[in-house]
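Everything on this sheet refers to the single structure shown next.
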Amino acid sequence: MIGSSYPLLDIFLTMIEFFFFFIWIWIVIMVFMDIFRSHDLSGGVKFLWVLLVIVIPFLGVFIYLIARGGSMHERAAVQAQAQQKQFDDYVRQQAGAASPAEELTKLTDLKAKGAITDDEYNKAKAKLLG
Numbered sequence: 244m245i246g247s248s249y250p251l252l253d254i255f256l257t258m259i260e261f262f263f264f265f266i267w268i269w270i271v272i273m274v275f276m277d278i279f280r281s282h283d284l285s286g287g288v289k290f291l292w293v294l295l296v297i298v299i300p301f302l303g304v305f306i307y308l309i310a311r312g313g314s315m316h317e318r319a320a321v322q323a324q325a326q327q328k329q330f331d332d333y334v335r336q337q338a339g340a341a342s343p344a345e346e347l348t349k350l351t352d353l354k355a356k357g358a359i360t361d362d363e364y365n366k367a368k369a370k371l372l373g
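Taking my numbering as reference, the numbering of the sequence shown is continuous, increasing by one, and the terminal residue is 373.
This is the structure:
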């Protein structure tokens with residue numbers, strides 16, 4: 244019977260070991276991402292950090308976190324902002340968003356053609372400018 248050959252406490256301890264293993268893998272991945280994300284490090288310094296983390300994993304990661312861990316969040320935030328800006332620019336480009344001046348010109352043309360009333364024109368203009 245599996246319950247008698249592998250007690251509940253052993254199952255719990257195995258789960259904790261897997262948890263810590265995956266947390267360790269995540270930390271190592273984040274350190275590697277930060278090493279290659281850093282624009283202030285030269286290629287040689289990046290190579291030395293990677294070599295240190297690969298050759299002496301625990302000590303290398305802990306040294307990196309002590310030496311450069313404080314600014315990891317800042318580099319991640321800068322990269323996230325850059326990605327958001329690129330995405331916003333792409334969306335604007337694909338949507339072909341018109342400038343407010345172009346929108347006002349369109350509204351004026353619609354009003355001149357009688358397609359919209361003065362009240363609709365004023366509401367749309369206020370919405371566009373507000």
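Beta carbons: idealized from backbone N, C-alpha and C, even for Gly.
Owing to the predicted nature of the structure, the values given are computational and were not obtained by experimental measurement.
Check	Outcome
Which residues in the same chain as residue 270 place their Cβ atom closer than 7 angstroms to its Cβ, once the five residues preceding and following it in sequence are excluded?	304
Rounded to the nearest angstrom, what separates residue 290 and residue 346 at their Cα positions?	53 angstroms
For residue 249, is the classification buried or exposed, using 16 other Cβ atoms within 10 angstroms of its Cβ as the cut-off for buried?	exposed
By the three-class DSSP mapping on this structure, what secondary structure does residue 360 have?	coil
Which of the three DSSP states, helix, strand or coil, is assigned to residue 283?	coil
Name the two residues that bound the continuous alpha helix (DSSP H) containing residue 312.	From DSSP, residue 312 is part of no alpha helix (DSSP H); its letter is neither H nor E.
So, at 7 angstroms on beta carbons, what are the nonlocal neighbours of residue 364 in its own chain, with the 5 sequence-adjacent residues on each side left out?	350, 354
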